[in-house]
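Chains as they are written, first to last, in this note's numbering: chain A, 1 to 435; chain B, 1001 to 1403. One structure is given here, and the rest of the page talks about it.
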Amino acid sequence: MIKKILVAAMAFATGNGLFAQSNPVAFTGATIYPIIGKPITNGTLIVQNGKIIAVGAASLKIPSGAIVQDASGKIIMPGIVDTHSHLGGPEGGDASAALNPDTRAFDAIDPTTDGFKKALAGGITTINIMPGSGHLMSGQTVYVKMREGKVMEDIIEVNEKGIYGGMKMANGTNPMRGTNGFPGTRAKSAAMDRELFVKAQEYKAKIDKAGKDSSKMPERDLRLEPLVEILQGKRIVHFHTHKENDILTAIRLSKEFGFRVVLHHVSEGWKVADEIAKANVACSIIVIESPGGKLEAMDYSSTNGGVMSKAGVLTGLHTDDGITDSRLLIRSAAVAVKAGMGKQAALEALTINGAKMLDMSTKIGSLEKGKDADFIILSGDPFSVYTKVEQTWVEGKKRFDISNPADKAFLVGGYKVYSPDRAEYLNHDDEIGVQ
Amino acid sequence: MKNIVRSIGLSLMFFPLAVMAQTAIQAETIYTVSGAPIKNGVVLVKNGKIENVGTAAEVSIPKNYTVITAKVVTPGLVDARSVVGFSGSLNIPTDQDQLEKSGPIQPELRAIDAYNPEEKLVAYVRDNGVTTLHTGHGIGALVSGQTMVVKTKPGKIDAVTLVPFKMLAMTIGNPVENNFTSPGTKAKQMAMIRTELLKAQNYLQKQTDKDTSKRPATDLKYEALGKLLTGEVKALMTVNTSNDIMNATRLAKEFNFKLVIDGAAEAYRMIDEIKAANAEVILHATMARNGGDMVNMTRESAGILTAAGIPVSIETGFEAYVPKTHVLLHEAALAVAYGMPYEEGIKSITLTPARLLGLHKSVGSIETGKDADLVMYDGDPFEYLTNVCKVMIDGVVVTDSCK
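As structure tokens, then:
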């Protein structure tokens, strides 16, 4: 299935002419934050056929036939990776079960959602779109690039493991509904998770034993197949968790079953940063304007980014859109810096660290030769309120340009700019109480 | 005035040294708001009031004054509309007092009976520069109840209250229909509120009857609505769509009450109508979610309205979930980043809301004789990386966070 989609994706990609850009484009005069490597003042970035072909100082030779774009006074950095978003309406499981490994956000999302315009206006080029946190396991997440897309195959991004999504899990109060087979306590939550993983281990053992003998293969099981991918280390678990004890429970489960996990939100991460670092578990954190709004987030602190990155935790940032706005993820980095995170660490959290959390760091997350030409042009210092994302480029194509009024409208809003059916709110609709 | 005297009395009890001390604040830039910014300036504070303000050359610092230095000083911030102290940060039923759902029209619900000055978010917004808070009953009912104005300094409710009944919180729009089975339509919303306002008119009229036996028995609902009709309080009407803004202005005209348009997501489309109605505007948080009745909001609203000559007060408003409150300073910062002139941005969270609340003689700008409510910063107040270092209320430093 995965292979089929990969082929389909490539077919669509070629068909849409994504790699049609034959002339190189050179951006000159900018301060370039390659993320891996030191900032380059008066730098040059050259892209061609969707890839970065060179990045360096002003002395870099610009190939003949290149289109040159003067970016003097601007900042160029990699496109932002949002490791946790609900844009596009990624419904996962329904109320019939607490564990829904078989449901796919892929099947639910509207690839033409205007929410993606919002992401582009915020400089976001890659997104992990996840179903919500109202289940222990709400379903498979989907990794997308902000290419122009009509169907999901246009925008999915297959990673280094040959997969285009992770698995959303959650603990703490959100999945604890206490009715209809949902857990009512934390211990029951973990027990139900463990029971499923034990089944998956048994299923995987049968597959391993069968080897290449198809007659011995167990029957296909849509619920267990993605869990086998998790146990094989291909599919990453994205684990919504807030409180210290829930954070440690998520880590305990990942150690017991040997699955790779990224912790999400991690409101009390500052309390257990050393434990998280020692467990070598990555954290994708949220930055919010004030503590609370739910009991589990009462001890949220904007120092999370600083405390955890300094403890050695691979730390990323996310929007959780519609909890925070895709147009302001870069602002979250600034808030984290204000609360003690290093500037370089914050830039990494927006880019390469997120790429690592999605198994994509060989393709995206930094400006290096051979990587995808996903980058943004900023009007100034990334940590200034006055700075705007002026252009967002995805695989060598300009997808957002603030000088284009139609694009700018998605940045600022306005009359009938956004559809009233905001599908991306579905996951938090009840909680937010949209006005 | 009595409240202010009382609050100083309490402050004396809590912070005897701090209040007794006279303070001088030296700053690279002082935004007085009432006048031009002062470079290399000094503010003198004595007995909880601003004693003097000017350049260092104009204002010499007396010997016995404690000196505080800051990069930038602004007046204490005034949040034009919030539910902090009513909608608690825990977000559990027992700390949610902003909306009573037993009926859609309950003007008799007093803010002073519900405000929780010890709510964690009160300290949180204070630490972020808010010294005066217009808070109270929330959005989502035709009339949800009364609002009040408080200072955010530590203290018991009576000591921190400036105005116990400031406005009537009203809403027209989809949120009302989500909270009640009736009204279930827009026309019904208007019919219900008009019916009650008409009854209030009758109630007021009968109260003046020469024959005292014909006067009606005291009715708390109509007493409260009556204050709206007599002009004693303003209507704080949360209306976001263009048609609801018109509904609000028609209602204000029909019943001749003072109208504050709150939320105002589409006010940028209704400039002439708002001016004609002589309505004041409190604008939604710049970072509010653009969904529901606010789907057509723009981050350029503050700039557009200001340019059109409509004074803008920015609010933090209401949030049902995470984050439980916006931060006023950050909302004005974004408004400035999206086109509001810089000093207008400061004004939108100080003097303009102070005027709207009728408190401009005591708060909202740095002028001699006003309350010594000041915020001190280590840089441009609107910049992401700038810290609110000290907050002073009535001459007392209540937040000191850049040690």
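The beta carbon of each residue, even a glycine, is placed where N, CA and C say it ideally should be. Since the model is a prediction, treat every value here as computed from it, not as a measurement.
Under the DSSP assignment, residue 308/A falls in the alpha helix (DSSP H) whose first and last residues are 304-310. Residue 1402/B is classed as exposed because its beta carbon has fewer than 16 other beta carbons within 10 Å across all chains shown. The way I'd put it, the region 208-218 of chain A doesn't touch the region 102-114 of chain A; fewer than three beta-carbon pairs between them come closer than 8 Å. In summary, no residue of the region 239-253 of chain A has a CB separated from any CB of chain B by less than 7 Å.
In the DSSP secondary-structure assignment, residue 186/A is not bridged to any residue. Under the DSSP definition of a beta bridge, residue 78/A partners with 375/A. Secondary structure at residue 176/A: coil, using DSSP grouped into helix, strand and coil. Near chain B, meaning a CB-to-CB distance below 8 Å, the residues of the region 313-335 of chain A are 322, 323, 325, 328, 331, 334, 335.
If you compare the alpha carbons of 1228/B, 1229/B, 1204/B with that of residue 1217/B, the shortest gap goes to 1204/B. The region 1146-1161 of chain B makes no contact with the region 1092-1103 of chain B, as fewer than three CB pairs between them are under 8 Å. Three or more pairs of CB atoms, one per stretch, sit closer than 8 Å, so the region 313-327 of chain A contacts the region 72-89 of chain A. Along the region 1310-1338 of chain B, the positions whose C-beta sits under 8 Å from a C-beta of chain A are 1318, 1319, 1320, 1321, 1322, 1323, 1324, 1325, 1326, 1327, 1330, 1333, 1334, 1336, 1337, 1338, read in chain order. Below the 7 Å Cβ cutoff, chain B contributes 1089, 1090 as neighbours of residue 298/A, in chain order. Not flagged as an interface residue toward chain B: residue 116/A, since no C-beta distance is shorter than 9 Å. In this structure, residue 1374/B lies away from residue 1388/B, with their beta-carbon atoms at least 9 Å apart. Within the region 1217-1249 of chain B, the alpha helix (DSSP H) runs of at least 4 residues that lie entirely inside it are, in chain order, 1220-1229. Within 8 Å of the CB of residue 295/A, the CB atoms of chain B belong to 1090, 1091, 1092, in sequence order along the chain. Beta-bridge annotation (DSSP): residue 1035/B is not paired with any residue.
As far as DSSP is concerned, residue 330/A takes part in no beta bridge. In chain order, 1286, 1338 place their CB closer than 6 Å to the CB of residue 1299/B, counting only its own chain and leaving out the 5 sequence neighbours on each side.
Excluding sequence positions up to five before and after residue 1332/B, its CB lies within less than 6 Å of the CB of 1314, 1345, 1348, 1349, all in the same chain and listed in chain order.
Residue 1300/B carries a coil assignment under DSSP once its states are collapsed to helix, strand and coil.
According to the DSSP secondary-structure assignment, residue 270/A is paired through a beta bridge with no residue.
Secondary structure note for residue 1195/B: it is in no beta strand (DSSP E), and the uninterrupted alpha helix (DSSP H) holding it is 1186-1207.
With the rule of 3 Cβ pairs closer than 8 Å, the region 140-156 of chain A does not count as touching the region 180-198 of chain A.
Per DSSP, the continuous alpha helix (DSSP H) segment holding residue 116/A begins and ends at 115-121.
If you look at residue 255/A, you'll find it in the alpha helix (DSSP H) that goes 244-257. Inter-segment contact for the region 372-379 of chain A and the region 57-67 of chain A is absent: fewer than three beta-carbon pairs are separated by less than 8 Å. Between the beta-carbon of residue 32/A and that of residue 39/A there is about 7 Å, and that keeps the pair under the 8 Å contact cut. Of the candidates 1306/B, 1180/B, 1146/B, 1146/B places its Cα closest to the Cα of residue 1233/B.
As the crow flies, the alpha-carbon of residue 1340/B is around 9 Å from that of residue 1305/B. Residue 109/A has a beta carbon lying at 9 Å or more from every beta carbon in chain B. According to the DSSP assignment, residue 390/A belongs to the beta strand (DSSP E) that extends over 389-394. Taking a contact to require three or more Cβ pairs closer than 8 Å, the region 211-225 of chain A and the region 143-156 of chain A do not qualify as touching.
Taking every protein chain shown into account, the CB of residue 154/A has 16 or more other CB atoms within 10 angstroms, so this residue is buried. The alpha-carbon separation between residue 1359/B and residue 1049/B amounts to approximately 15 Å.
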